[in-house]
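Chains as they are written, first to last, in our numbering: chain E, 1 to 350; chain D, 1001 to 1045. No residue lacks a Cβ here, since even glycine has one placed at the ideal position from N, Cα and C. Written below as C-alpha cells is the structure these notes are about.
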C-alpha cells in the first residue's frame, strides 16, 4: 500500500506547557516526514502557545483570539486540510511511535471511513485515575468487539482519524464532537475501526471533582447525541449499527442509570412486605451503595482503596447521568471545551 | 401486585446486566463464532 499524506490536527487551548513535547512526539512517529503535516489550532489561547511553534518544520499554526470551542477550531482548520487522511489528537496526550502507521494501514480497505485509537490513562497512585483506567480497559474490550462485529459506536477524541472527504461540518453547540463525528461516518455506511495498537497516553484527572465534571459533560453530550442519532434506531435501515447504538450507548447513557433507584425502591417495598429473598437482595444493594458512599470520605486523600474504588466510580458514572440530563435539558452545558485538569503532565509519567 | 413488581425488578436487572455485561458477552460470542467459522471453512477447503 502506498502511504497517504496525513494531517495531524491538534486543537489546543492554553496548552503551552505540553505543546512542544506534543510536536516532538509527532516528529518521533514512525511515518515519512514528507507525508506528514502538523496543523495546530490555538484559538482562544492566552498563553502565547502559537508563538512557541513558529518556524518549526512541518508545523502550521492557526490562531484566533476568540475562544469558540474545539469543534469550531476543528471546523476552521479542516478548510485548510489537503491530505486525504486526518488524525485528530489532543495536545495533552502522547502517541506511541507506531500509532500513525497502525492507523493508516486500515484505509487500504475503502469501506473503512474512520479509525479510533486507544486512550490509555497512565497509572499513578491518584484516586481519580484508578477507576478511570479500569473503566477504559473494559471499554477497550467492548470497542474491539464492536469493531470486529461491525463498527465502533463512538471514538476516543484523544486519537481519532478519518477520511477528509467524510468530514461533516457540525453546527456549534455539539458537546461531544468526537462521538458525533464518528457516528456520522458510521451512519453513512462506512466502518469505524478500533485500533488498539495506536495509543494516546494521558495523565488521569487531577481529582475526583475534575473527573465528575468530565463525566457530567459526557453524559449531557450523550443525551444530546441520542437526540441527534435517534434515526439510527431503525434496524431495517441500519441493521447492526442500530443494535449496537441501542445496546452500547442508549441503554448505558439514558436507561440504566434510571433503573438503579427503581430496583432499590421496589426491592425495599418487597422487603417491607416480608419477602426474605428481597430482604437479602436489599441488603446486598445497601452494602454496595454504602461502600460506594465511603469513597466520598477519601476525596481529599491520595489513594482510594480498590474495594471502594470500583463501586464508587460505578456509582459516580451513573449519578453523572442525572446531572448530565439536567444540564442537557437546561441547555447549560457549554460546548466550549473544558479539559479536566491533570495533576501532572503525561510526559512526566512516561 | 407482587407478580407485577417482581416482573419490573427482574426486567430492570436484566436490562442493567445486558447493558454492562450481556451485550459484551453477546458480541464476543458472535465475533468468536464468525472467526471460528471462517477458520473452519478455510481448513475444510
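Whether residue i touches residue j by CB criterion (8 Å)
i              : j              : result
residue 86/E   : residue 179/E  : no
residue 164/E  : residue 83/E   : yes
residue 175/E  : residue 120/E  : no
residue 198/E  : residue 118/E  : yes
residue 95/E   : residue 202/E  : no
residue 6/E    : residue 36/E   : yes
residue 40/E   : residue 116/E  : no
residue 1029/D : residue 256/E  : no
residue 259/E  : residue 1021/D : no
residue 152/E  : residue 245/E  : no
residue 241/E  : residue 232/E  : yes
residue 93/E   : residue 12/E   : no
residue 135/E  : residue 313/E  : yes
residue 106/E  : residue 168/E  : no
Cα-Cα separation between residue i and residue j, rounded to whole angstroms
i              : j              : result
residue 238/E  : residue 3/E    : 32 Å
residue 45/E   : residue 297/E  : 36 Å
residue 292/E  : residue 311/E  : 5 Å
residue 25/E   : residue 60/E   : 16 Å
residue 266/E  : residue 1005/D : 7 Å
residue 99/E   : residue 10/E   : 15 Å
residue 68/E   : residue 18/E   : 21 Å
residue 15/E   : residue 159/E  : 17 Å
residue 1044/D : residue 150/E  : 26 Å
residue 321/E  : residue 32/E   : 44 Å
residue 1011/D : residue 78/E   : 46 Å
residue 113/E  : residue 147/E  : 12 Å
residue 1026/D : residue 249/E  : 15 Å
residue 1037/D : residue 145/E  : 16 Å
residue 1042/D : residue 56/E   : 51 Å
residue 155/E  : residue 272/E  : 45 Å
residue 1008/D : residue 285/E  : 17 Å
residue 20/E   : residue 281/E  : 54 Å
residue 127/E  : residue 221/E  : Bear in mind that the predicted position of residue 127/E carries a pLDDT of just 47, short of 50, making it too unreliable to give a figure here.
residue 278/E  : residue 1023/D : 26 Å
Chain E contact for residue i (CB, 8 Å cutoff)
i              : result
residue 1033/D : no
residue 1039/D : no
One or two residues paired with residue i in a DSSP bridge
i             : result
residue 357/E : This structure does not reach residue 357/E, given that chain E is present from 1 up to 350, and the question cannot be answered.
residue 163/E : 85/E
residue 191/E : 112/E
residue 118/E : 199/E
Test: residue i CB closer than 8 Å to a CB of chain D
i             : result
residue 282/E : no
residue 285/E : no
residue 141/E : yes
residue 233/E : no
residue 263/E : yes
residue 127/E : Low local confidence applies: a pLDDT of 47 at residue 127/E is under 50, so the model's placement there is unreliable, and no value is given.
residue 255/E : yes
residue 106/E : no
residue 217/E : no
residue 145/E : yes
residue 19/E  : no
residue 313/E : no
residue 82/E  : no
residue 148/E : yes
residue 325/E : no
residue 267/E : yes
residue 270/E : yes
Quiz item: In chain order, which continuous runs of the beta strand (DSSP E) of length 3 or greater are located wholly inside the segment 38-99 of chain E?
Solution: 59-62 and 85-89
Exercise. Report the residue ranges of all alpha helix (DSSP H) runs contained in full by the segment 294-330 of chain E; include only those spanning at least 4 residues, in chain order.
Key: 306-330
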